[in-house]
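**Q** Once you've had a glance at the structure underneath, I'll fire off some questions.
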Amino acid sequence: MNKEYLDIVSDILDNESFKKLSGEIHHHGSRIDHSIRVSYKTYKVCKRLGLDYISASRASLLHDYFFNEEFDSNSKLYKLTHHYERAIANASNLFSLNDMEKNIICSHMFPIGGKAPKYLESVIVDIIDDVSAIYEVLSCKYYFFKYSFLCLAVSFYIFR
């Protein structure tokens, strides 16, 4: 990560509450690692496209700023479709967010949950988050072996 990116997000990364995300499991890794991955990729894409890379970097770092114990329900579907509500509340309690940052956080799960993106930066975060989540799940050894055997089995069935 470069110095400019770290200067943009250092107050978030240094926040004690935010650091607790390192103990939250997310896509077989930690939620903080996922958030940093999404944020840094967002920074690079938005900067290259001449967009508001500062707001996009900060909001994408906060897009999954929630803790599992904040949900009364153990429903994974409910958490999937509503966690943006906890993320925006948690982020707003600690940081001053502009309209774009709020929209990025609230729309990062669109169309599964959340609001529709209003900004190109919101769409970019949504896409980078999705791609990162798929990468993280499939890069886990368990899923790699599970799905590689499934692919072999399907291939064998189709081509026999």
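For what it's worth, our numbering labels the leading residue of the sequence shown as 721, then goes sequentially.
Beta carbons are placed, not taken as given, at the ideal position from N, Cα and C, and that holds for glycine.
#1: Pair every Cβ in the stretch 829-839 with every Cβ in the stretch 753-761, then say whether three or more of these pairs are closer than 8 Å.
#2: One question on the structure: do leucine 781 and isoleucine 844 come within less than 8 Å of each other, judged by their Cβ atoms?
#3: Which residue marks the beginning of the alpha helix (DSSP H) containing methionine 721, and which one marks its end?
#4: Might you give, ordered along the chain, the residues of its own chain that have their beta carbon closer than 8 Å to the beta carbon of alanine 807, omitting 5 neighbours on each side?
#5: In whole angstroms, give me the CA-to-CA distance for serine 827 and alanine 853.
#6: Valine 765: which of Ser730, Glu856, Ser842 and Phe830 sits nearest, CA to CA?
#7: Quick one: what's got a C-beta closer than 7 Å to arginine 778's C-beta in the same chain, skipping five residues either side?
#8: CA-CA distance, asparagine 735 and alanine 776?
**A** Short version:
#1: no
#2: no
#3: Looking at the DSSP string, methionine 721 is not in any alpha helix (DSSP H), and its letter there is neither H nor E.
#4: Leu782, His783, Asp784, Tyr785, Phe786 and Ile825
#5: 16 Å
#6: Ser842
#7: Ile728, Val729, Ile732 and Glu821
#8: Asparagine 735 and alanine 776 have their C-alpha atoms spaced approximately 18 Å apart.
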